[in-house]
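There are 2 protein chains.
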Amino acid sequence: MSGEDAPTQQQNADEQKQQVEKKPAESPKTENKPDPPPASASTEAAATAAPTEKAPEEDSFSYRALVLTGYGGYDKVKLQVKKGKPALKNGEVMVRVKVCGLNFADLMARQGLYDRLPSPPATPGMECSGIIEAVAEDVTNRKVGDKVLVLNPSGLWKEVAAVAATHTFLMPERMSFEEAAAIPVNYITAYLMLFDFGNLRPNQSVLIHMAAGGVGTAATQLCKTVNDVTVFGTASASKHDTIREGGVTHPIDYRTRDYVEEVRKISPKGLDIVLDPLGGSDTHKGYNLLKPMGKLISYGAANMLSGQKKNLFAVAKTWYQQFSVHTLSLIQGNRSVCGFHLGYLDAETELIDQAMEAVLELYRQGKIKPRIDSTYHLEQVGEAMRKMQERNNIGKIILTTEPMKEEAKKDEAKKEEKDKKKEDKKKEEKKKDETKKEEKKEEKKKDEIKKEEKKEEKKEEKKDEKKADEKKEETKKEEN
Amino acid sequence: MSGEDAPTQQQNADEQKQQVEKKPAESPKTENKPDPPPASASTEAAATAAPTEKAPEEDSFSYRALVLTGYGGYDKVKLQVKKGKPALKNGEVMVRVKVCGLNFADLMARQGLYDRLPSPPATPGMECSGIIEAVAEDVTNRKVGDKVLVLNPSGLWKEVAAVAATHTFLMPERMSFEEAAAIPVNYITAYLMLFDFGNLRPNQSVLIHMAAGGVGTAATQLCKTVNDVTVFGTASASKHDTIREGGVTHPIDYRTRDYVEEVRKISPKGLDIVLDPLGGSDTHKGYNLLKPMGKLISYGAANMLSGQKKNLFAVAKTWYQQFSVHTLSLIQGNRSVCGFHLGYLDAETELIDQAMEAVLELYRQGKIKPRIDSTYHLEQVGEAMRKMQERNNIGKIILTTEPMKEEAKKDEAKKEEKDKKKEDKKKEEKKKDETKKEEKKEEKKKDEIKKEEKKEEKKEEKKDEKKADEKKEETKKEEN
Numbered sequence: 001m002s003g004e005d006a007p008t009q010q011q012n013a014d015e016q017k018q019q020v021e022k023k024p025a026e027s028p029k030t031e032n033k034p035d036p037p038p039a040s041a042s043t044e045a046a047a048t049a050a051p052t053e054k055a056p057e058e059d060s061f062s063y064r065a066l067v068l069t070g071y072g073g074y075d076k077v078k079l080q081v082k083k084g085k086p087a088l089k090n091g092e093v094m095v096r097v098k099v100c101g102l103n104f105a106d107l108m109a110r111q112g113l114y115d116r117l118p119s120p121p122a123t124p125g126m127e128c129s130g131i132i133e134a135v136a137e138d139v140t141n142r143k144v145g146d147k148v149l150v151l152n153p154s155g156l157w158k159e160v161a162a163v164a165a166t167h168t169f170l171m172p173e174r175m176s177f178e179e180a181a182a183i184p185v186n187y188i189t190a191y192l193m194l195f196d197f198g199n200l201r202p203n204q205s206v207l208i209h210m211a212a213g214g215v216g217t218a219a220t221q222l223c224k225t226v227n228d229v230t231v232f233g234t235a236s237a238s239k240h241d242t243i244r245e246g247g248v249t250h251p252i253d254y255r256t257r258d259y260v261e262e263v264r265k266i267s268p269k270g271l272d273i274v275l276d277p278l279g280g281s282d283t284h285k286g287y288n289l290l291k292p293m294g295k296l297i298s299y300g301a302a303n304m305l306s307g308q309k310k311n312l313f314a315v316a317k318t319w320y321q322q323f324s325v326h327t328l329s330l331i332q333g334n335r336s337v338c339g340f341h342l343g344y345l346d347a348e349t350e351l352i353d354q355a356m357e358a359v360l361e362l363y364r365q366g367k368i369k370p371r372i373d374s375t376y377h378l379e380q381v382g383e384a385m386r387k388m389q390e391r392n393n394i395g396k397i398i399l400t401t402e403p404m405k406e407e408a409k410k411d412e413a414k415k416e417e418k419d420k421k422k423e424d425k426k427k428e429e430k431k432k433d434e435t436k437k438e439e440k441k442e443e444k445k446k447d448e449i450k451k452e453e454k455k456e457e458k459k460e461e462k463k464d465e466k467k468a469d470e471k472k473e474e475t476k477k478e479e480n
Numbered sequence: 001m002s003g004e005d006a007p008t009q010q011q012n013a014d015e016q017k018q019q020v021e022k023k024p025a026e027s028p029k030t031e032n033k034p035d036p037p038p039a040s041a042s043t044e045a046a047a048t049a050a051p052t053e054k055a056p057e058e059d060s061f062s063y064r065a066l067v068l069t070g071y072g073g074y075d076k077v078k079l080q081v082k083k084g085k086p087a088l089k090n091g092e093v094m095v096r097v098k099v100c101g102l103n104f105a106d107l108m109a110r111q112g113l114y115d116r117l118p119s120p121p122a123t124p125g126m127e128c129s130g131i132i133e134a135v136a137e138d139v140t141n142r143k144v145g146d147k148v149l150v151l152n153p154s155g156l157w158k159e160v161a162a163v164a165a166t167h168t169f170l171m172p173e174r175m176s177f178e179e180a181a182a183i184p185v186n187y188i189t190a191y192l193m194l195f196d197f198g199n200l201r202p203n204q205s206v207l208i209h210m211a212a213g214g215v216g217t218a219a220t221q222l223c224k225t226v227n228d229v230t231v232f233g234t235a236s237a238s239k240h241d242t243i244r245e246g247g248v249t250h251p252i253d254y255r256t257r258d259y260v261e262e263v264r265k266i267s268p269k270g271l272d273i274v275l276d277p278l279g280g281s282d283t284h285k286g287y288n289l290l291k292p293m294g295k296l297i298s299y300g301a302a303n304m305l306s307g308q309k310k311n312l313f314a315v316a317k318t319w320y321q322q323f324s325v326h327t328l329s330l331i332q333g334n335r336s337v338c339g340f341h342l343g344y345l346d347a348e349t350e351l352i353d354q355a356m357e358a359v360l361e362l363y364r365q366g367k368i369k370p371r372i373d374s375t376y377h378l379e380q381v382g383e384a385m386r387k388m389q390e391r392n393n394i395g396k397i398i399l400t401t402e403p404m405k406e407e408a409k410k411d412e413a414k415k416e417e418k419d420k421k422k423e424d425k426k427k428e429e430k431k432k433d434e435t436k437k438e439e440k441k442e443e444k445k446k447d448e449i450k451k452e453e454k455k456e457e458k459k460e461e462k463k464d465e466k467k468a469d470e471k472k473e474e475t476k477k478e479e480n
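Just so you know, the sequences run in chain order H and S. The numbers in UniProt numbering rise by one with no breaks, and the one at position 7 of the first sequence is 7. The numbers in UniProt numbering rise by one with no breaks, and the one at position 473 of the second sequence is 473.
So this is what it looks like as structure tokens:
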């Protein structure tokens, strides 16, 4: 793994960097870049052109790349221009990137919570789609012009990427670059969780958290490829119609309902599979929702992500509440607990190949189709990350390497200003809300005090009644 | 579950008990028992004969049953004669038991280490084969004369058992009663572990501990129903030829070799599935042997069983070393840890039905065949348990309800005496060994002291050398 991370680090160290300011006048974005070859130019002759030879234009070769410059907020990912063509090592191909996918691991990485990304400065990005522009001499199964999906430990949020040929997969016909960039991480993750660890079969039930997210929508679609699978999906209420259309049988608004109760109402015996990207206390809840022979699959700690910057309290709480289990408990419950992270699987070429082949076959059969939430330009990566972190997406958020038009940039600047104002307003409102809440609390307290007083009064009344009764008894006795 | 255990308890409380002494003269074993109906007498008319009606011979109905009279050694399981026909509740059938299976859970139960058996006095036994002798009025899918395999929480080590019809399964044609009694626990356990939790597929590798045991031989056969599965099996060297014939690719003598090393030699990347019946430190070893996407399935704590009676030290050690795992560790390793125990699954009728149907179909296809190690009479249950606990079996140990012949009993008595002598001799030898070991330890200590002394001497020598060097230096300096 570390060996494969090396090129990224090396690039960061060796290449000249030049930060692209947001002001359009200073953006040298199309400077000196050779045109990407047309997709049809995939001849054998082109494939054998020695890519490592120093071409005359190499010195003037440049490309744009997003770079994480340090751990922190959205602004820590900057757009830079790199000079010099990436050198290809044995087994590598050069990909002209079209579209990149955004993942939770990228957000974690930005906060320094993901150890698979090399230390900053480094380019994030685990998946993309694009066209092969050059291949190393020993690569025989890829050729210039091949349209590919790419899955890599990191380093793909840029216009040109050198990656191992084994990390590329041929795109099926009629698949768009947008769809291709949305497939690798989410669908392979969902596929291996559901069909390897989960062993999903007809008539089973699955709980999918963040059902409107990238993995969530992929998992829902994959569940529907098996007969009569019941899907419980958590998402905020506004997304319920969409995820229901996508295949979720029972959408649950986790913000207003206790999802454990909601599941138990419909499925009193519990669930066959729980996909858990949250960690912390939600893992405990998921475990307790398992039927006999049920499988809990933990694949993240999204609960650690609270806000733009690392929130030590959220991290500590998630760690502290991290689920641990004894085999004796597993035995008595006939349960399984699994952990999954695609980032730690990149040496498993054969496993990934098989899963990808199965996923692409389902695509060809029309049984799955990536749902794109929104497309951003590289320049807008901050906005894209914010949307994902605030869970405002339904489906996949992607980045296109196509440069923004000048007008759009101006709009963008305006929008950013607007967004800032909005956020300030939100903060103010939040403060107001909190003040209101405090007031309500006070009122509640007062009410409670009143109630207590009433109770006391009632008690007194009862005592009086009792006394009266006793007196009556005594009178009766006396009468007897 | 507790509801289903109730009949056994009730029988124990309600019925007259009479302990059968081992002396033949006092054994009233065939007294007043009606002949079991022939297997061919399965007419619809017989099936509708009201079995709960008080027949004239009911009062004289008696049958033999093994009863755990208290927690402890092999002698705590006694053969008793019960009087009165067991009453059938709704949904139940009465089975004339032919052959019973012995399981590790029965040994644990005898020591008070298994909570699925009602408190003593109670009849152990989770599986048997036999012929249906009566059915409750509401039972429509079983009839008198049906040959069945039975899987029950407990209570089957007797000649006549009332069980839920859902706990019975029709025997395939040409299956013997011996084979039928060897199937339910071992094969359903192995099947669900390998194909539900384990999700076993071609080209994978599996570690089977106690590969010569009941679950071990069943699991080996089931592994061989999948293409190119590599089976590592631990067993003592004398059993290697047999288990190799049975399908184990790499037998490992766990008594003389470190099985972790042996596995790593052949499969450096590790294993896809580890079946772990041992618990304690072996669970840790199994976990560390897992490949990415590997599954550890813990299904017992045989390490707790050390000797005939409960060994508090072994129990405490196994508990203390009991494996527990954090989801973060699972995530980073892409691993799964599962717990399995058939005893906690008896409410899962559909699941068990499906697994049993699959197992019986494999039997019909000739792909699996229970391996019977040895058959004992009910009278010999102590001997049978000893053989299992000392792990001297290759395959299944079963009990037949056929009464022993008088001559055999005399031989048995002689054998028992011989065994006792053997055991006494063993104990003596063990003592001798321990004395020798102590002596060796003393010698080792002496050696170590000598070594220490030598080291000290060397140090002194070195010091002297250093001093000499320093002197030389000084001389040199002076010369300069």
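Even glycine gets a Cβ: it sits at the ideal position worked out from N, Cα and C.
Item, Value
"Using CA atoms only, rank isn't needed, just tell me which of Ile-252(H), Thr-256(H), Gln-111(H) and Gly-112(H) is closest to Met-210(H).", "Ile-252(H)"
"Please name the residue, chosen from Gly-213(S), Gly-214(S), Ala-212(S) and Ile-208(S), that lies closest to Gly-223(S) on a Cα-to-Cα basis.", "The displayed chain sequence assigns Cys, not Gly, to residue 223(S). The shortest C-alpha separation from Cys-223(S) is found at Ile-208(S)."
"Under the DSSP definition of a beta bridge, which residues are partnered with Trp-407(H)?", "Residue 407(H) is actually Glu in this sequence, not Trp. Note: Glu-407(H) sits in no beta bridge, so no partner."
"So the candidates are Ile-131(H), Ile-132(H), Arg-110(H) and Gly-130(H); which of them puts its Cα closest to the Cα of Pro-124(H)?", "Arg-110(H)"
"Can you give me the C-alpha to C-alpha distance between Asp-229(S) and Ala-218(H), rounded to a whole angstrom?", "Asp is not the amino acid found at residue 229(S); the sequence shown has Val there. The straight-line gap from Cα to Cα measures roughly 31 Å."
"Measuring only between beta-carbons, confirm whether Tyr-376(S) sits less than 7 Å from chain H.", "no"
"Please list the partners that Gln-332(H) has in chain S, where partner means a Cβ-to-Cβ separation under 8 Å.", "Gly-339, His-341 and Tyr-344"
"According to DSSP, is Met-385(S) helix, strand or coil?", "helix"
"Counting only beta-carbon atoms, is Phe-104(S) nearer than 7 Å to chain H?", "no"
"State the Cα-Cα distance for the pair Lys-295(S) and Thr-189(S), rounded to the nearest angstrom.", "16 Å"
"With a cut-off of 8 Å on the beta carbons, I'd call Leu-149(S) and Phe-169(S) a contact; round off their distance for me.", "5 Å"
"Are there three or more Cβ pairs, one per stretch, closer than 8 Å when the segment 106–121 of chain S is compared with the segment 163–179 of chain S?", "no"
"Pull the bridge partners of Ala-122(S) from the DSSP assignment, please.", "Leu-68(S)"
"Thinking Gly-339(S) and Gly-333(H) are a contact (beta carbons under 8 Å), I'd like their distance in whole angstroms, please.", "7 Å"
"Nearest to Gly-214(H) by alpha carbon, out of Arg-174(H), Asp-272(H), Gly-145(H) and Ala-182(H)?", "Ala-182(H)"
"Hey, out of Val-67(H), Ile-266(H) and Tyr-71(H), whose CA is closest to Lys-309(H)'s CA?", "Tyr-71(H)"
"According to DSSP, which residues form a beta bridge with Leu-207(S)?", "Phe-232(S) and Val-274(S)"
"For Met-293(H), decide whether its Cβ has a neighbour in chain S, counting only Cβ atoms nearer than 7 Å.", "yes"
"By Cβ distance below 6 Å, which residues in the same chain neighbour Arg-255(H) in space, the five residues on each side in sequence not counted?", "Ser-236"
"Counting C-beta neighbours from all protein chains within 10 Å, is the total for Gln-365(H) 16 or more, i.e. buried, or is it exposed?", "exposed"
"Kindly list, in the order they appear in chain S, the residues whose Cβ is closer than 8 Å to that of Asn-393(H).", "Result: empty, since nearest Cβ-Cβ is about 23 Å, beyond 8 Å."
"Taking a contact to mean a Cβ-Cβ separation below 7 Å, would you say residue 494(H) touches Leu-200(H) in this structure?", "With chain H covering 1 to 480 only, the question about residue 494(H) has no answer from this structure."
"So is Pro-202(S) buried or exposed if we call it buried at 16+ other beta carbons inside 10 Å?", "exposed"
"Grab the span of the alpha helix (DSSP H) containing Arg-244(S) for me, first residue to last.", "240–246"
"Buried or exposed for Ile-398(H), going by 16 or more other Cβ atoms inside 10 Å?", "buried"
"On a CA-only basis, which of Tyr-187(H), Glu-406(H), Arg-64(H) and Leu-79(H) is nearest Val-359(H)? Give me that one, please.", "Tyr-187(H)"
"Taking Cβ to Cβ, would you say Val-97(S) is nearer than 7 Å to Thr-401(S)?", "yes"
"Along the chain, where does the alpha helix (DSSP H) containing Gly-216(S) start, and where does it finish?", "214–223"
"Which residues in the same chain as Lys-29(H) place their Cβ atom closer than 8 Å to its Cβ, once the five residues preceding and following it in sequence are excluded?", "Residue placement at Lys-29(H) cannot be trusted, given a pLDDT of 39 that sits under 50; the coordinates are not used to answer."
"Looking at chain H, is there any beta carbon in it that lies within less than 7 Å of the beta carbon of Asn-199(S)?", "yes"
"Check the C-beta distance from Lys-239(S) over to Ile-372(S) and give it rounded, since I have them as a contact under 8 Å.", "Lys-239(S) to Ile-372(S), Cβ: 15 Å. No contact."
"Which residues mark the beginning and the end of the alpha helix (DSSP H) in which Met-108(H) is found?", "104–110"
"Spatial neighbours of Leu-362(H) within its chain, please: CB distance less than 7 Å, with the 5 preceding and 5 following residues excluded, ordered by chain position.", "Thr-225 and Ile-368"
"Starting from Ala-376(S), follow the beta strand (DSSP E) in both directions and report where the run begins and ends.", "Residue 376(S) is actually Tyr in this sequence, not Ala. Per DSSP, Tyr-376(S) belongs to the beta strand (DSSP E) from 372–377."
"Exposed or buried, what is Ser-62(S) when buried is set at 16 or more other beta-carbons lying within 10 Å of its beta-carbon?", "buried"
"Pick out whichever of Ala-105(H), Thr-249(H), Asp-346(H) and Thr-69(H) has its Cα sitting closest to the Cα of Asn-303(H).", "Ala-105(H)"
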